[in-house]
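First the structure, in the form of structure tokens, and then the observations on it.
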Amino acid sequence: MSTNKKIPLRKCVATGEMKPKKDMIRIVRSKEGEVSVDPTGKKSGRGAYLSKDRDIILQAKKKNTLANQLQAKIDDSLYDELIRLVEKE
């Protein structure tokens with residue numbers, strides 16, 4: 001019997017790639033329309049995943065990918081926060 005646990009995959013909204021959930025950052029829009037970074041992956045609301053990659057985050061910012069996915073206005077400070085998170089790792 002193999003004890004391999006199934007790795008949850010999520011799709012990066014910027015690249016369309018499927019990657020393990022732990023290699024992604026979840027961004028969530030609450031019912032109130034507030035968009036925030038969800039490091040735990042547990043917040044309720046509409047979630048979108050981005051790869052933990054500075055270039056991909058910048059690409060998503062340029063193409064407004066998150067705003068389209070979450071149907072909400074994304075503040076530039078959110079992208080700055082995402083980049084800080086990625087660069088810390």
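In this text, residue positions in the sequence shown follow UniProt numbering: the first is 1, and each later residue adds one. Note that beta-carbon positions come from the ideal geometry of N, C-alpha and C, so glycine has one too. Please read all numbers here as calculations on a predicted model, not as lab measurements.
Spanning the alpha carbons of K6 and S77 requires a straight line of approximately 35 angstroms. About 16 angstroms separates the Cβ atoms of R54 and V13, ruling out a contact at the 8 angstroms cut-off. In the structure shown, V28 adopts extended strand secondary structure according to DSSP, grouped into three states.
Annotation for K22: no beta strand (DSSP E) segment contains it, and DSSP assigns it neither H nor E.
N68 and R29 have their alpha carbons spaced roughly 12 angstroms apart. Its Cα nearest to that of I56, the residue T15 stands out among R10, T15 and L9.
Taken through DSSP and simplified to helix, strand or coil, A67 comes out as helix.
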